[in-house]
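Engineer: In the order they appear, the protein sequences are chains A and B. The numbering used here runs 33 ahead of the 1-based position in the first sequence. The numbering used here runs 33 ahead of the 1-based position in the second sequence. Next up is a structure, given as structure tokens.
There are 2 protein chains.
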Amino acid sequence: MESSVVSRKLDQAVGFLREAGIDLWIAQFARESYEQPTPVDTLAVGCSVTWPAAFLVAASGRRTAIVGTGDVANVRAAGVYDEVVGYVQDVAVPLREVMSDVNPTRVAVSYSVADDMADNITHGMFLMLQGILAGTPYFDCLVPAEGILGKLRAYKLPVEVRRIQDAIEMTHQLFGLMPQLLREGVTESELADRLRGEGRARGGAPAWDPRYDPIVNFGPGSGFGHSEPGTVALAPGMLVHIDLGLKVEGYCSDLQRTWYVLRPSESEAPLEVQEAFAAVRVSMDAGFETLRPGIPGWTADRQARDALLRAGYAESEFAFGHQLGQTAHDGGALLGPPWPRYGTRPEMPLGEGMVFAIEQAVPTEAGPIGLEDDVLITAGGAEYLSQPQTALEYVRL
Amino acid sequence: MESSVVSRKLDQAVGFLREAGIDLWIAQFARESYEQPTPVDTLAVGCSVTWPAAFLVAASGRRTAIVGTGDVANVRAAGVYDEVVGYVQDVAVPLREVMSDVNPTRVAVSYSVADDMADNITHGMFLMLQGILAGTPYFDCLVPAEGILGKLRAYKLPVEVRRIQDAIEMTHQLFGLMPQLLREGVTESELADRLRGEGRARGGAPAWDPRYDPIVNFGPGSGFGHSEPGTVALAPGMLVHIDLGLKVEGYCSDLQRTWYVLRPSESEAPLEVQEAFAAVRVSMDAGFETLRPGIPGWTADRQARDALLRAGYAESEFAFGHQLGQTAHDGGALLGPPWPRYGTRPEMPLGEGMVFAIEQAVPTEAGPIGLEDDVLITAGGAEYLSQPQTALEYVRL
């Protein structure tokens, strides 16, 4: 992430700090962060470090990085933190000095039980931080920064929405290639390789683990969920389901589309497949229509979930929607059921400027039907950033 | 990392568990681990997961993965954990069940204050784990796994040493290109790009953050430490210092070499430069001669450090050596001074089968002299895996 965007996100963070009554945010306290990167690095740090390093953002707007001398040039070059303090022997000394100088009452640290994307400090580094602050007035001031980090990830700046739109646009381009890529006998993994190559050629990176980005399912025997494309070869009578995300200039898309491969004798898909598509479409629409600022995420999941149940399908094992940004699962408020697996995230309210990927899927005798689109929460509801698939698409081999 | 190597490392880990009297090792308890990867993933897990997932290794040899249903296919495909338990709503239920079944007295968790590479669980996930175990007999059984993880990273299997040697061999090949790459006016960043390209073409990846792998310094005005190659153009009278690491099949090299660019009138480097090279060489030799199983790492650092001081140079700000493996800074026992920055790592004893990168550098009026080589600790001492640079190399533009 270039420093101008990180810098603007830190300006935005200062507002959230003041709202929350937090005097100082230890955005990160980490070491060897190239080997152990976390989502806060590209959001609020701007570079990797080797030796223990603290990145501090005060409610006053002051930004201070305390880093080993070998990392100083690098952190200065990143240009996000105006004040860069180098140390040789012990990070504790300058860290305690800066803490005394800011003299905070509430200090937020980037960890969270509920929100995976806001859980960025290791347990060992948290213990080291406690050790450094032992005996100071700040030892008892540490609180989780999940509220600040959740908002910072969630409330997109216009530049962030534009980048997500760029990633979506490129993903639509790849979907446009599908009629020519779907050939008799092509395997799931061959198609996945081809789509990855076409993405790379356009400057896009995978939005998640490239071993299953894209997920490609041909027919009913293919793996479900986050599984790698396999050796199944394409044949008539199969559904083709693709879940594809691209990262462009640091921001992600996440979309699913479904095609049906007609048998020579067919002019449309079997009734069961058509009904399943319709049920997924109705579920997507029911969830989408619910979206607006202020509602907790579970209400949208409930509408989408119930629509599918009413159509006679088994209950979905997954959340209806997740936030999208620098990562494909951007943490924070979730359009998910109130299951322990999702913690408190389904209770969090939606807000204008959040971006969600909404998705629904059902299995059929011809393979899975899956749809996923990316939406922006607006003042009055939500709008699609992608062009939803409204009808099952047909191909002939 | 392919599963066969991960599987052999887990066999090795079982021995360390028994030695340490640990009944169960929670190798990882993580979520969204593609977005927040840690070094334990390629060492002891074998794939990434989306939902909260626990990877358990018992002293009995039993290996159990407890993962969200959407990750099951993926974890099975990785083939490292024989027992894969899928859950839909709550990881706590199957995790408590497996804990009861194993009924451990001491449970190691992958965190460490001292050893960065053994500090792999987030603070939020540690709190979640404590929450799940609250009210069970296992709540008070959690201890840091740093000893097990430190040994597992440190004691290389023969297959691991061979891969490090492959990475070193490729690095030597790139150094062999230097006489033809060093041309009047080439900039640091141009040379860095060229070396990265030559590495990629041979199937090597950067061993650390590619923004400063390689580090390239032309002359005395260049950035120090972990800094990005800049716009300095090569000219006679400059030292050329390269710090380059490659990752080949998951294992790293880390080497430094130094060249002097002769002025038309010169047949050798200025005396100050020659003396500085000699001092670095003497320091490297003094440290290397000290290496053998059983010594704490600081003793080798001390010998190398004192040799440099005796030659009249300022004290080094860095450790003399660090371990090398799947990462360029592989954690655990460190050949470093007893400074707080390095925690307890300089006290840890060396052992046969460990691999270290040893390094020394001094600034001169013509630029930095820096040397770094990779060595294997043997029963009787240590042997070089790389071919050390014994004399300053000269180039003419």
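Where a beta carbon is used, it is the ideal one built from N, C-alpha and C, also for glycine.
Per DSSP, what are the beta-bridge partners of residue 285/A in this structure?
Structural biologist: 280/A
Engineer: Is any non-hydrogen atom of the ligand SAH found closer than 8 angstroms to the C-beta of residue 51/A, if you look at the structure I gave you?
Structural biologist: No copy of the ligand SAH appears in this structure; indeed no ligand is present at all.
Engineer: How about residue 143/B and residue 75/B: are their beta carbons less than 9 angstroms apart?
Structural biologist: The Cβ atoms of residue 143/B and residue 75/B lie no closer than 9 angstroms to each other.
Engineer: By a C-beta neighbour count over all protein chains shown, 10 Å radius and 16 as the cutoff for buried, is residue 86/B buried or exposed?
Structural biologist: buried
Engineer: If you reduce the DSSP assignment to three classes, tell me which class residue 243/A lands in.
Structural biologist: helix
Engineer: In chain order, what residues of the stretch 158-176 of chain A put their CB closer than 9 angstroms to some CB of chain B?
Structural biologist: 158, 159, 160, 161, 164
Engineer: What are the residues of the stretch 218-246 of chain B that lie near chain A, defined by any Cβ-Cβ distance shorter than 8 angstroms?
Structural biologist: 241, 242, 244, 245
Engineer: For residue 362/A, return the contacting residues in chain B, with the cut-off set at a CB-CB distance below 8 angstroms.
Structural biologist: Chain-ordered, the chain B residues with CB closer than 8 angstroms to the CB of residue 362/A read 65, 68, 83.
Engineer: List the residues of chain B whose Cβ lies closer than 7 angstroms to the Cβ of residue 390/A, in chain order.
Structural biologist: Near residue 390/A there are no residues of chain B at all, since even the closest Cβ is about 13 angstroms away, more than 7 angstroms.
Engineer: Should the stretch 348-363 of chain B be regarded as contacting the stretch 378-398 of chain B, the criterion being three or more beta carbon pairs within less than 8 angstroms?
Structural biologist: yes
Engineer: Compute the distance between the beta-carbons of residue 141/A and residue 57/A, then report whether it is under 9 angstroms.
Structural biologist: yes
Engineer: Assign residue 230/B to one of two classes, buried (16 or more other C-beta atoms within 10 Å of its C-beta) or exposed (fewer than that).
Structural biologist: Exposed: under 16 other Cβ atoms inside 10 Å.
Engineer: Just checking: is the beta-carbon of residue 194/A within a distance shorter than 9 angstroms of some beta-carbon in chain B?
Structural biologist: no
Engineer: Listing by chain order, which chain A residues have their CB less than 7 angstroms from the CB of residue 144/B?
Structural biologist: 155, 156, 157
Engineer: Is it buried or exposed, residue 41/A, if we count other Cβ atoms within 10 angstroms and call 16 or more buried?
Structural biologist: exposed
Engineer: Need the endpoints of the beta strand (DSSP E) that residue 130/A sits in, please.
Structural biologist: That residue, residue 130/A, is in no beta strand (DSSP E); its alpha helix (DSSP H) goes 125-135.
Engineer: Suppose contacts are defined by Cβ-Cβ distances below 9 angstroms. Is residue 293/A in contact with residue 265/A by that definition?
Structural biologist: no
Engineer: Anything in the stretch 353-381 of chain B with a Cβ closer than 7 angstroms to a Cβ of chain A? List those residues in chain order, please.
Structural biologist: 360, 362, 372, 373, 374
Engineer: How far does the beta strand (DSSP E) with residue 212/B in it extend, from its first residue to its last?
Structural biologist: Counting along the chain, residue 212/B falls outside any beta strand (DSSP E), though it belongs to the alpha helix (DSSP H) covering 211-214.
Engineer: Quick one: list the residues of chain B neighbouring residue 260/A, beta-carbon separation under 8 angstroms, in chain order.
Structural biologist: 106, 107, 110
Engineer: Helix, strand or coil for residue 253/B, going by three-state DSSP, please let me know.
Structural biologist: coil
Engineer: Counting only beta-carbon separations shorter than 9 angstroms, does residue 351/A have a partner in chain B?
Structural biologist: Yes, its Cβ sits closer than 9 angstroms to a Cβ of chain B.
Engineer: Tell me which same chain residues have a C-beta within less than 7 angstroms of the C-beta of residue 303/A, skipping the five on either side of it?
Structural biologist: 399
Engineer: When the Cα of residue 392/A is compared with those of 254/A, 381/A, 404/A, which residue comes out closest?
Structural biologist: 404/A
Engineer: Determine the DSSP secondary structure at residue 396/B, reduced to helix, strand or coil.
Structural biologist: Note: residue 396/B maps to strand in three-state DSSP.
Engineer: Any C-beta of chain A within less than 7 angstroms: which residues of the stretch 106-140 of chain B qualify?
Structural biologist: Listed in sequence order: 106, 107, 110, 121, 122, 123, 124, 125.
Engineer: By how many angstroms is the C-alpha of residue 411/B removed from the C-alpha of residue 418/B?
Structural biologist: Spanning the two alpha carbons is a distance of roughly 11 angstroms.
Engineer: Thinking C-beta only, is residue 113/A closer than 9 angstroms to residue 96/A?
Structural biologist: yes
Engineer: Closer than 7 angstroms by beta-carbon distance: list the chain A residues that pair up with residue 71/B, in chain order.
Structural biologist: 69
Engineer: Closer than 6 angstroms by C-beta to residue 421/A: which residues in its own chain qualify, once you throw out the five before and the five after it? Chain order, please.
Structural biologist: 406
Engineer: Measuring only between beta-carbons, confirm whether residue 150/A sits less than 9 angstroms from chain B.
Structural biologist: It does: the Cβ of residue 150/A has a partner Cβ on chain B nearer than 9 angstroms.
Engineer: Determine, using beta carbons only, whether residue 77/B and residue 190/B come nearer to each other than 9 angstroms.
Structural biologist: no
Engineer: Are the CB atoms of residue 239/A and residue 210/A within a distance shorter than 9 angstroms?
Structural biologist: no
Engineer: Residues in the same chain with beta-carbon distance under 6 angstroms from residue 369/B, minus the five sequence neighbours each way, listed in chain order, please.
Structural biologist: 334, 352, 375, 379
Engineer: Does the beta carbon of residue 268/A come closer than 9 angstroms to any beta carbon on chain B?
Structural biologist: no
Engineer: So what does residue 356/A bridge to, in DSSP terms?
Structural biologist: DSSP output for residue 356/A lists 389/A as bridge partner(s).
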